[in-house]
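2 protein chains.
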Amino acid sequence: MEDSAHPKRAVTVADVAKAAKVSKATAARVLGGYGVVSAKITDQVIAAAAALEYRPNELARSMSTGRSGIIGVVVGDIENAFFSLAVRGISDAARLAGFNVIIANSGEEFDAEKSAVDLLIGKRVDGLIVTPARCDSIDHLQHVRRAGVPLVLFDRAIPELDVDAVTGDDRDAAITATRHLIEQGHRRLAYVSAMDAEGGGFTDIGRISNSAVRERVEGFVSALTEAGLPNPLHYIRLGATDQQQTDGVIKRLLSDSAPPTALLASDSLVGLRIFKSLQSLGLSIPKDVSMISFLDADWTSVTVPPITIVDQRVYEMGKLAGERLIARIERTPLAVERLRVSTSLVLRGSVATIGR
Amino acid sequence: MEDSAHPKRAVTVADVAKAAKVSKATAARVLGGYGVVSAKITDQVIAAAAALEYRPNELARSMSTGRSGIIGVVVGDIENAFFSLAVRGISDAARLAGFNVIIANSGEEFDAEKSAVDLLIGKRVDGLIVTPARCDSIDHLQHVRRAGVPLVLFDRAIPELDVDAVTGDDRDAAITATRHLIEQGHRRLAYVSAMDAEGGGFTDIGRISNSAVRERVEGFVSALTEAGLPNPLHYIRLGATDQQQTDGVIKRLLSDSAPPTALLASDSLVGLRIFKSLQSLGLSIPKDVSMISFLDADWTSVTVPPITIVDQRVYEMGKLAGERLIARIERTPLAVERLRVSTSLVLRGSVATIGR
DNA sequence: ATATGTTGTGAGACCGGTCTCTTTTTGCTG
DNA sequence: CAGCAAAAAGAGACCGGTCTCACAACATAT
Numbered sequence: 001m002e003d004s005a006h007p008k009r010a011v012t013v014a015d016v017a018k019a020a021k022v023s024k025a026t027a028a029r030v031l032g033g034y035g036v037v038s039a040k041i042t043d044q045v046i047a048a049a050a051a052l053e054y055r056p057n058e059l060a061r062s063m064s065t066g067r068s069g070i071i072g073v074v075v076g077d078i079e080n081a082f083f084s085l086a087v088r089g090i091s092d093a094a095r096l097a098g099f100n101v102i103i104a105n106s107g108e109e110f111d112a113e114k115s116a117v118d119l120l121i122g123k124r125v126d127g128l129i130v131t132p133a134r135c136d137s138i139d140h141l142q143h144v145r146r147a148g149v150p151l152v153l154f155d156r157a158i159p160e161l162d163v164d165a166v167t168g169d170d171r172d173a174a175i176t177a178t179r180h181l182i183e184q185g186h187r188r189l190a191y192v193s194a195m196d197a198e199g200g201g202f203t204d205i206g207r208i209s210n211s212a213v214r215e216r217v218e219g220f221v222s223a224l225t226e227a228g229l230p231n232p233l234h235y236i237r238l239g240a241t242d243q244q245q246t247d248g249v250i251k252r253l254l255s256d257s258a259p260p261t262a263l264l265a266s267d268s269l270v271g272l273r274i275f276k277s278l279q280s281l282g283l284s285i286p287k288d289v290s291m292i293s294f295l296d297a298d299w300t301s302v303t304v305p306p307i308t309i310v311d312q313r314v315y316e317m318g319k320l321a322g323e324r325l326i327a328r329i330e331r332t333p334l335a336v337e338r339l340r341v342s343t344s345l346v347l348r349g350s351v352a353t354i355g356r
Numbered sequence: 001m002e003d004s005a006h007p008k009r010a011v012t013v014a015d016v017a018k019a020a021k022v023s024k025a026t027a028a029r030v031l032g033g034y035g036v037v038s039a040k041i042t043d044q045v046i047a048a049a050a051a052l053e054y055r056p057n058e059l060a061r062s063m064s065t066g067r068s069g070i071i072g073v074v075v076g077d078i079e080n081a082f083f084s085l086a087v088r089g090i091s092d093a094a095r096l097a098g099f100n101v102i103i104a105n106s107g108e109e110f111d112a113e114k115s116a117v118d119l120l121i122g123k124r125v126d127g128l129i130v131t132p133a134r135c136d137s138i139d140h141l142q143h144v145r146r147a148g149v150p151l152v153l154f155d156r157a158i159p160e161l162d163v164d165a166v167t168g169d170d171r172d173a174a175i176t177a178t179r180h181l182i183e184q185g186h187r188r189l190a191y192v193s194a195m196d197a198e199g200g201g202f203t204d205i206g207r208i209s210n211s212a213v214r215e216r217v218e219g220f221v222s223a224l225t226e227a228g229l230p231n232p233l234h235y236i237r238l239g240a241t242d243q244q245q246t247d248g249v250i251k252r253l254l255s256d257s258a259p260p261t262a263l264l265a266s267d268s269l270v271g272l273r274i275f276k277s278l279q280s281l282g283l284s285i286p287k288d289v290s291m292i293s294f295l296d297a298d299w300t301s302v303t304v305p306p307i308t309i310v311d312q313r314v315y316e317m318g319k320l321a322g323e324r325l326i327a328r329i330e331r332t333p334l335a336v337e338r339l340r341v342s343t344s345l346v347l348r349g350s351v352a353t354i355g356r
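Protein chains in written order, with full-length UniProt numbering: chain A, 1 to 356; chain B, 1 to 356.
Below you can see the structure in the form of structure tokens.
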């Protein structure tokens, strides 16, 4: 009862010092684990601290040491399996090195990302991992660098920024997936992404502000071109942001005079939406339409048929990003790099062989 | 280049004050947005701050105000869709109230949970949301309360603790699901959970240390009892912690002399594993075995047949927990409560009607 | 004109740690 | 037992904000 009445000012080193009958400095040395203190006094202080239930104020500690022991992570959407797995990888790497993680959600919105970054800098995080929502606006990230806070980009690279980035091998992954479809006899291939369509239609690959998506599209196009297929841009669609939008995109795609026979989904959320769209249209996979999705998400292995996917090894990506950031924080001398985590195509049952 | 050479000590209020030719106190008033300052001086200070790219040190701010503006969340496993959705709800509630969220993973391990709680308290979070891994060890949580930090339990309640808890209506949910199975003619029903089996076998409901699971089991048993079915504990299985364990559990369950005809999965991860087990055993749902899972996870709606589930409305649970915690932080006078978020049974295709 | 109040600004204590510098104690050697 | 170095303990500045209090300047009341 008297808990709430008595807000009970937290126990400080000074309190412990008094109880142990030593100076504040000595108590601090014991409690902070630095300097030299005799065994006898150490015991006294520890006993006093235990009796008083002393808990160090990390805030104060961070303030004088200048290190907070936490790394900030700004992701697009924790609810997305891609990011939650990545966060797990980052957390594991962080914990191993004695760091903690503070997570902020940008919802893939630039302004939210910006204020999240500002806030984390304000909290004096020791380092920052960011999934930039747009690769064309880099002021806030440049600011991070000027503030002297180590930064690692995740999933998307920004070459102009001269900073480490951990990504998948998106271009190659898309090429591999696309080639596979072509080898199976497909000639009309569509690529579907959730990127916001600027002005409604697809205009120019170079203008896709998300580098991961851009590189996948480039890979897709290059594989089509290499196979001598005409009009590689014709079936590229953006804007599959929710189920309704996706339904529309898919319906329009398939009512083309020459509809695509295979779909490549830019991520597992889009993949799931496409799957549901096809289901609601009464189409069968792979008989009516083939598909490949990115990410080995839960749902992809329990559908009928199970979905052929590009395995992105997101956990490793996250772990690598975490490790890289920590190396930076610890001032390990390293060249700025783009680290690519290789992917692999996992063949399951969603691609039909046709035309043979 | 000179970025890294010049670690560039951060700009402080004192720097801004000097540049604006005012006292530190005045600059602080402008920058901190408190007290009264004339318009003219305000402009001067703001201009100086902008020129110097001043960023407040939130650490220092927190130290003097005693409020950090962050709430700590300790979850079992962010990778689990249940928790990532909950975190989203919590984050949204927090952001709305101007708080930020710091997340720690316990991996459902008690020691990890304990140290995470300690750490967050050390970071002087303004409040804490915890998913207690065990409802029988409460020392560390009692410590939170003694430290005067508001606490809200999530998903699991601990009556002895006299603290707010936001949970599902687990007992009712289990009853509803079980009754549904009974109504469809099932007489031998199994309940499968991922809880660690203490000593291998299932002994006593009261000893299940996770209150959510315990209440679900209680509901399950009570529905069976109410229907006059014999031996309600006979098909309760714990320990479905990974795919291999689950395969074993399911295989043993179905090779019983009188095997169950329906399975109730304690959460969506177990549900998925059960689904895969059944698949690998070549059994068809619902013809050979019926099943119901908790949580409207992605995978449950795209299987054949889609899975009948208990919809837990986790986002709402998270949001509610966040709001409740914030109310506590802001000292809103409220009675300690257990808030139950109601669930509903979503009928899909994984339950067969038999014996009629 | 003097008393009273209001408003804006400055000086400096404070939060709870760390850490440098000084002083005291201890132990060893000649 | 003096002499000295090394080890242990203490005193107090500092980190970068907030915030209380003192004071100055000016407006209003008497």
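Even for Gly, the Cβ is constructed at its ideal location relative to N, Cα and C.
Exercise. In three-state terms, what does DSSP make of B:Tyr54?
Worked result: What you label residue 54 of chain B is simply residue 54 of the second sequence in a count that begins at 1. Coil.
For this session: With A:Met317 as the anchor, note down where its alpha helix (DSSP H) starts and where it stops.
Result: One-based indexing of the first sequence puts residue 317 of chain A at position 317. Unbroken alpha helix (DSSP H) run through A:Met317: 314–329.
Exercise. Using Cβ-Cβ distances below 9 angstroms, what residues of the segment 46–61 of chain A are close to chain B?
Worked result: The segment 46–61 of chain A vs chain B, Cβ under 9 angstroms: Glu53, Arg55, Pro56, Asn57, Glu58, Leu59, Ala60, Arg61.
Problem set entry | Nearest neighbour of B:Ala81, chosen from B:Leu269, B:Ile175, B:Ser284, B:Leu189 [CA to CA] | The residue labelled residue 81 of chain B in the question sits at position 81 within the second sequence. Ranking the options by Cα distance to B:Ala81, first place goes to B:Leu269.
For this session: Using beta-carbon positions only, say whether A:Ala190 and A:Leu263 come within less than 8 angstroms of one another.
Result: Counting from one through the first sequence, the residue named residue 190 of chain A turns up at place 190. Counting from one through the first sequence, the residue named residue 263 of chain A turns up at place 263. Their beta carbons are under 8 angstroms apart, which means A:Ala190 touches A:Leu263 by this criterion.
For this session: Identify, in the order they occur along the chain, each residue of the same chain with its Cβ nearer than 7 angstroms to the Cβ of B:Thr303, setting aside the five sequence neighbours on each side.
Result: The sequence position of residue 303 of chain B within the second sequence is 303, counting from 1. In the same chain as B:Thr303, and ignoring 5 residues on each side of it, the C-beta atoms closer than 7 angstroms to its own belong to Phe275, in chain order.
For this session: To the nearest angstrom, report how far apart A:Gly200 and A:Tyr235 are at their CA atoms.
Result: As a working note, residue 200 of chain A is residue 200 in the first sequence. As a working note, residue 235 of chain A is residue 235 in the first sequence. With a pLDDT of 49 at A:Gly200, under the threshold of 50, the modelled position of this residue cannot be trusted; read the value that follows with caution. Taken atom to atom, the span from the alpha-carbon of A:Gly200 to that of A:Tyr235 is near 14 angstroms.
Problem set entry | Chain-ordered neighbours of B:Met63 on chain A, where CB pairs are closer than 7 angstroms | Position 63 of the second sequence, counting from 1, holds the residue named residue 63 of chain B. B:Met63 reaches chain A at Leu59, Ala60, Met63, counting residues in chain order whose Cβ is nearer than 7 angstroms.
Problem set entry | Cβ-based contacts, 8 angstroms cut-off: residues of the segment 265–291 of chain B near chain A | So the list reads Leu272, Phe275, Lys276, Gln279, given in the order they occur along the chain.
Problem set entry | Same chain, Cβ closer than 6 angstroms to A:Gln44, five either side skipped, listed in chain order | The residue you call residue 44 of chain A lines up with position 44 of the first sequence. Sequence-distant Cβ neighbours of A:Gln44 in its own chain, meaning closer than 6 angstroms and more than five residues away, are Ala20.
Problem set entry | Spatial distance of B:Ala165 from B:Ala265 (CA atoms) | For the purposes of this step, residue 165 of chain B is identified with residue 165 of the second sequence, where counting begins at 1. For the purposes of this step, residue 265 of chain B is identified with residue 265 of the second sequence, where counting begins at 1. Distance from the CA of B:Ala165 to the CA of B:Ala265, rounded to the nearest whole angstrom, comes to 23 angstroms.
Problem set entry | Partners in chain A for B:Leu85, counting only beta-carbon separations shorter than 7 angstroms | Residue 85 of chain B sits at position 85 when you count from the first residue of the second sequence. Neighbours of B:Leu85 on chain A, chain order: Glu79.
Exercise. Comparing the C-beta of A:Ala5 with each C-beta of chain B, is any distance below 8 angstroms?
Worked result: Taking the first sequence and counting its residues from 1, one reaches residue 5 of chain A at position 5. Any reading at A:Ala5 is ruled out, since the residue's pLDDT is 40, under 50, leaving its predicted position unreliable.
For this session: Classify A:Phe99 as helix, strand or coil using the three-state DSSP reduction.
Result: Position 99 of the first sequence, counting from 1, holds the residue named residue 99 of chain A. In the structure shown, A:Phe99 sits in coil (DSSP, three-state: anything other than H, G, I, E or B).
Exercise. Which bits of chain B does A:Pro123 rub up against, with CB to CB less than 7 angstroms?
Worked result: The residue labelled residue 123 of chain A in the question sits at position 123 within the first sequence. One detail in the question is off: residue 123 of chain A reads as Lys in this sequence, not Pro. Simply Glu58, Leu59.
For this session: Whole angstroms is fine: what's the gap from B:Val249's alpha carbon to A:Ile103's?
Result: The count along the second sequence starts at 1 and reaches residue 249 of chain B at position 249. The count along the first sequence starts at 1 and reaches residue 103 of chain A at position 103. Looking at the two C-alpha atoms, the distance is approximately 37 angstroms.
For this session: Indicate the three-state DSSP secondary structure (helix, strand or coil) for B:Thr176 in the structure shown.
Result: Counting from one through the second sequence, the residue named residue 176 of chain B turns up at place 176. In the displayed model, B:Thr176 falls within a helix according to three-state DSSP.
For this session: Give the secondary structure of B:Thr246 by DSSP, where H, G and I count as helix, E and B as strand, and everything else as coil.
Result: In the second sequence, counting from the first residue as 1, residue 246 of chain B sits at position 246. The three-state secondary structure of B:Thr246, taken from DSSP, is helix.
For this session: Identify whether A:Met63 lies in helix, strand or coil by the three-state DSSP scheme.
Result: What you label residue 63 of chain A is simply residue 63 of the first sequence in a count that begins at 1. A:Met63 falls in the helix class under three-state DSSP.
Problem set entry | Backbone secondary structure at A:Thr241 - three-state DSSP | Taking the first residue of the first sequence as position 1, residue 241 of chain A is located at position 241. Three-state DSSP puts A:Thr241 in coil, outside helix and strand.
Exercise. Does DSSP classify A:Asp164 as helix, strand or coil?
Worked result: Here residue 164 of chain A refers to the residue found at position 164 when the first sequence is read from its first residue. Of the three classes helix, strand and coil, the one that applies to A:Asp164 here is strand, per DSSP.
Exercise. In terms of DSSP beta bridges, what is B:Asp196 paired with?
Worked result: For the purposes of this step, residue 196 of chain B is taken as the residue at position 196 of the second sequence. Partner(s): none; B:Asp196 has no beta bridge.
Problem set entry | Any C-beta of chain A under 8 angstroms from that of B:Thr303 | Here the question's residue 303 of chain B lines up with position 303 in the second sequence. At least one chain A Cβ lies under 8 angstroms of B:Thr303.
Problem set entry | Limits of the unbroken beta strand (DSSP E) element including A:Asp311 | For this step, residue 311 of chain A is matched to residue 311 along the first sequence. A:Asp311 -> beta strand (DSSP E) spans 308–311.
Problem set entry | Straight-line Cα distance separating B:Val341 from B:Gly168 | By one-based count along the second sequence, residue 168 of chain B stands at place 168. By one-based count along the second sequence, residue 341 of chain B stands at place 341. Answer to the nearest angstrom: the Cα atoms are 5 angstroms apart.
For this session: Whole angstroms is fine: what's the gap from A:Thr343's alpha carbon to B:Arg207's?
Result: Residue numbering aside, residue 343 of chain A sits at position 343 when the first sequence is read from its first letter. Residue numbering aside, residue 207 of chain B sits at position 207 when the second sequence is read from its first letter. One C-alpha to the other measures close to 45 angstroms.
For this session: Sort B:Pro286, B:Val22, B:Glu79, B:Asp15 by Cα distance to B:Gly185 and report the nearest one.
Result: Locating residue 185 of chain B in the second sequence gives position 185, counting from the first residue. Distances from the CA of B:Gly185 to each of B:Pro286, B:Val22, B:Glu79, B:Asp15 were compared; the closest alpha carbon is that of B:Pro286.
Problem set entry | Interface flag, A:Asn100 vs chain B, CB-CB below 8 angstroms | On the first sequence, position 100 is the one that residue 100 of chain A refers to. At least one chain B Cβ lies under 8 angstroms of A:Asn100.
Exercise. Given that B:Ser68 touches chain A, what residues does it touch there, using C-beta distances under 8 angstroms?
Worked result: Translated into positions along the second sequence, residue 68 of chain B becomes position 68. Chain A residues near B:Ser68: Leu59.
For this session: Taking 8 angstroms as the cut-off, decide whether the C-beta atoms of B:Phe294 and B:Ile307 are in contact.
Result: Position 294 of the second sequence holds residue 294 of chain B. Position 307 of the second sequence holds residue 307 of chain B. Cβ atoms of B:Phe294 and B:Ile307: not closer than 8 angstroms.
Exercise. Could one say the Cβ of residue 374 of chain A lies closer than 8 angstroms to chain B's Cβ atoms, at least one of them?
Worked result: Outside the modelled stretch of chain A, which goes from 1 to 356, sits residue 374 of chain A, for which no answer is possible.
Exercise. For A:Arg338, which three-state DSSP category applies?
Worked result: Working through the first sequence from its first residue, we reach residue 338 of chain A at position 338. Strand, per DSSP.
For this session: Going by DSSP, name the residue or residues bridged to B:Val289.
Result: For the purposes of this step, residue 289 of chain B is taken as the residue at position 289 of the second sequence. BP columns for B:Val289 are empty, so no partner.
For this session: Kindly indicate if chain B contains any beta-carbon less than 8 angstroms away from that of A:Asn210.
Result: In the first sequence, residue 210 of chain A corresponds to position 210, counting from 1. So no, A:Asn210 is outside the interface.
For this session: Report the option in B:Ser115, B:Tyr34, B:Lys123 whose CA atom is closest to the CA atom of A:Ala10.
Result: Working through the first sequence from its first residue, we reach residue 10 of chain A at position 10. Relative to A:Ala10, the option among B:Ser115, B:Tyr34, B:Lys123 whose CA is nearest is B:Lys123.
Problem set entry | Beta-carbon proximity of B:Ser68 to B:Val125, cut-off 8 angstroms | On the second sequence, position 68 is the one that residue 68 of chain B refers to. On the second sequence, position 125 is the one that residue 125 of chain B refers to. Judged by their CB atoms, B:Ser68 and B:Val125 are nearer to each other than the 8 angstroms cut-off.
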